[in-house]
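Peer 1:
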Amino acid sequence: MARTPIIAGNWKMNKGTDGEATELVRELKPLVAGSGGAEVVLCPPYTALHAVRQAIEGTSLRLGAQDLFWKNTGAYTGRISGLMLADAGVTYVIVGHSEARGRFGVPEPDFTPDVLKHFGETDVTVNRKTKAALDTGLVPIVCVGETLVERQNGHTDGVVQTQVQAALNAVSAEQAAGIVFAYEPVWAIGTGEVCGADEADRVCSVVRATVASLYDDQTAGDVRIQYGGSMKPDNAADLLARPHIDGGLIGGASLKAADFAAVVGAARA
Ligand code: 13P
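Numbering follows my numbering, with no gaps: position 187 of the sequence shown is 189.
1) Comparing the CB of Gly-98 with every heavy atom of the ligand 13P, is any distance shorter than 6 Å?
2) Can the beta-carbon of Ala-175 be found less than 7 Å from the beta-carbon of Thr-221?
3) Establish whether the CB of Glu-201 and some CB of chain D are separated by less than 7 Å.
4) On a CA-only basis, which of Pro-32, Ala-40, Thr-24 and Val-42 is nearest Ala-50? Give me that one, please.
5) Start and end of the beta strand (DSSP E) containing Pro-142?
6) Give the residues whose C-beta lies closer than 6 Å to at least one heavy atom of the ligand 13P, in chain order.
7) Which two residues bound the contiguous alpha helix (DSSP H) that contains Ala-168?
8) Helix, strand or coil: how does DSSP classify Gln-228 here?
9) For Val-95, which three-state DSSP category applies?
10) In terms of residues, what are the limits of the beta strand (DSSP E) holding Glu-176?
11) Can you tell me where the alpha helix (DSSP H) holding Glu-152 begins and where it ends?
12) What are the boundary residues of the beta strand (DSSP E) that includes Ala-67?
13) Buried or exposed for Met-233, going by 16 or more other Cβ atoms inside 10 Å?
14) Per DSSP, which one or two residues make a beta bridge with Leu-251?
15) Figure out for me which residue from Asn-12, Arg-5 and Lys-31 has the closest Cα to the Cα of Ala-259.
16) Do Glu-186 and Cys-145 come within 7 Å of each other at the CB atom, strictly closer than that value?
17) Examine the Cβ distances between the stretch 141–157 and the stretch 98–105 and report whether three or more of them are shorter than 8 Å.
18) Distance check for Ala-134 and Leu-216, CA to CA, integer angstroms please.
19) Applying the 10 Å Cβ sphere with the 16-neighbour rule, what's the burial state of Glu-201?
20) Report back the beta-carbon spacing between Tyr-94 and Leu-140 to the nearest angstrom; my notes put them in contact at under 8 Å.
21) State buried or exposed for Asn-155, treating a residue as buried only when at least 16 other CB atoms are found within 10 Å of its CB.
22) For the beta strand (DSSP E) that Val-42 lies in, which residues bound it at each end?
23) Taking the CB atoms as reference points, tell me whether Thr-164 and Gly-107 lie closer together than 7 Å.
24) According to the Cβ coordinates, are Gly-249 and Ile-58 closer than 7 Å?
25) Run through the DSSP bridge pairs and tell me what Val-213 is partnered with.
26) Please name the residue in Lys-73, Ala-179 and Ala-271 whose C-alpha comes closest to that of Val-128.
27) Among the candidates Ala-214, Val-161 and Asp-203, whose CA atom is the shortest distance from the CA of Ala-179?
28) Rounded to whole angstroms, what is the Cα-Cα separation between Gly-91 and Arg-55?
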């Protein structure tokens, strides 16, 4: 069956006040009106989930979150569970973003090793979060991708395979089929440097082949794979036309209504 394209806006730590979030959705709604052709997801900071939920009511837009913790309740100060997100109207949740893994496209020179511990996502925690999302009825958007140094050393495919395999540890084929992966080459995130469409499609095909090797061709054929990393109106159509690229995870361009709407338009075309 054909895969429905999925465009998600990862607002990161932006537009997190009620006022900013509501204004962005107000601008966006008329531009992406209509439900056909692609799923569209907005992932604001936690603080704006409620405002965005209200602002998108009655539309086909879906609510996403940027992270979750793998326990449902307990003494975990500062953490947010999948149960809480589901209750807040969330249907998608980003897991294992490179920034959460402490792998930044734009260098953060003042992030000393001590500071970097705060961005300590690992393949093991990504797996726990992926399973927690699935168990609480959320669709995880599992992010994978190589750094520039890993690419230059010829390790792109190995890094991506390892990350996909680890995320899917002890996940059933049925659950895996519903997962969204996002291939986000770290060096293309926030840098304006986009991965060429042929290469992005090739690495997405590596993600799909990895899923096939763990399960079967049908599961791999069901999985949706986004490209992320400086995707914007002028390169979206080329990327989204490729056979293994089923959508986009959009950072910077998701903060401008016209740009995000143009990417959505390219996915629908
Ligand atoms: P940019 O689109 O700003 O490069 O960010 C991509 C990203 O990290 C989405 O999760």
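Note that CB positions come from ideal geometry on N, CA and C, so glycine has one too.
Since the model is a prediction, treat every value here as computed from it, not as a measurement.
Peer 2: In short:
1) Reading the sequence shown from its first residue, position 96 is the one you call residue 98. Gly-98: no, Cβ never under 6 Å from the ligand 13P.
2) Here the question's residue 175 lines up with position 173 in the sequence shown. Here the question's residue 221 lines up with position 219 in the sequence shown. If you check the CB distance, Ala-175 and Thr-221 come in under 7 Å.
3) Going by chain labels, chain D is absent from the structure shown, which holds only one protein chain.
4) In the sequence shown, the residue the question calls residue 50 occupies position 48. Of Pro-32, Ala-40, Thr-24 and Val-42, the residue nearest in Cα terms is Thr-24.
5) Your numbering for residue 142 matches position 140 in the sequence shown. Taken as a continuous stretch (DSSP letters only), the beta strand (DSSP E) holding Pro-142 covers 141–146.
6) Proximity annotation: the ligand 13P has residues Asn-12, His-99, Glu-186, Ile-191, Gly-192, Gly-230, Gly-231, Ser-232, Met-233, Leu-251, Ile-252, Gly-253, Gly-254 and Ala-255 in chain order, each selected because its CB is closer than 6 Å to a heavy atom of the ligand.
7) By one-based count along the sequence shown, residue 168 stands at place 166. Unbroken alpha helix (DSSP H) run through Ala-168: 158–169.
8) Sequence index remark: in the sequence shown, residue 228 carries index 226 (1-based). In the three-state scheme derived from DSSP, where H, G and I count as helix and E and B as strand, Gln-228 is classed as strand.
9) By 1-based counting over the sequence shown, the position of residue 95 is 93. Per DSSP, reduced to three states, the secondary structure at Val-95 is strand.
10) Here residue 176 refers to the residue found at position 174 of the sequence shown. Unbroken run through Glu-176 is the alpha helix (DSSP H), 175–179; no beta strand (DSSP E).
11) Taking the first residue of the sequence shown as position 1, residue 152 is located at position 150. 150–154 is the span of the alpha helix (DSSP H), which, as asked, contains Glu-152.
12) Against the sequence shown, residue 67 aligns to sequence position 65. Per DSSP, Ala-67 belongs to the beta strand (DSSP E) from 64–67.
13) Numbered from its first residue, the sequence shown carries residue 233 at position 231. The residue in question, Met-233, is buried, as its Cβ has 16 or more Cβ neighbours within 10 Å.
14) The count along the sequence shown starts at 1 and reaches residue 251 at position 249. Residue pairing by DSSP puts Leu-251 in a beta bridge opposite Ala-10 and Gly-230.
15) In the sequence shown, residue 259 corresponds to position 257, counting from 1. Ranking Asn-12, Arg-5 and Lys-31 by Cα distance to Ala-259 puts Lys-31 first.
16) As a first step, residue 145 must be located in the sequence shown, where it is residue number 143. As a first step, residue 186 must be located in the sequence shown, where it is residue number 184. Yes; because the gap between Cβ atoms is below 7 Å, this pair is in contact.
17) Short answer: they touch.
18) Within the sequence shown, the letter at position 214 stands for residue 216. Within the sequence shown, the letter at position 132 stands for residue 134. Each residue's alpha carbon lies about 20 Å from the other.
19) Here residue 201 corresponds to residue number 199 of the sequence shown, with the count starting at 1. Counting other Cβ atoms within 10 Å of its Cβ, Glu-201 stays below 16 and is therefore classed as exposed.
20) The residue you call residue 94 lines up with position 92 of the sequence shown. The residue you call residue 140 lines up with position 138 of the sequence shown. Contact annotation, Tyr-94 with Leu-140: C-beta distance approximately 7 Å; criterion of less than 8 Å satisfied.
21) By 1-based counting over the sequence shown, the position of residue 155 is 153. Per the 10 Å Cβ criterion, exposed.
22) If you number the sequence shown from 1, residue 42 lands on position 40. Val-42 -> beta strand (DSSP E) spans 41–45.
23) Position 162 of the sequence shown, counting from 1, holds the residue named residue 164. Position 105 of the sequence shown, counting from 1, holds the residue named residue 107. Not closer than 7 Å, so no.
24) As a working mapping, residue 249 is identified with position 247 in the sequence shown. As a working mapping, residue 58 is identified with position 56 in the sequence shown. Taking a C-beta distance under 7 Å as the contact criterion, Gly-249 and Ile-58 do not qualify as a contact pair.
25) Translated into the one-based positions of the sequence shown, residue 213 becomes position 211. Val-213 is not bridged to any residue.
26) By 1-based counting over the sequence shown, the position of residue 128 is 126. Nearest of Lys-73, Ala-179 and Ala-271 to Val-128, Cα basis: Lys-73.
27) As a working mapping, residue 179 is identified with position 177 in the sequence shown. The shortest Cα separation from Ala-179 among Ala-214, Val-161 and Asp-203 belongs to Ala-214.
28) Counting from 1 along the sequence shown, the entry for residue 91 is found at position 89. Counting from 1 along the sequence shown, the entry for residue 55 is found at position 53. So the alpha carbons of these two residues sit roughly 7 Å apart.
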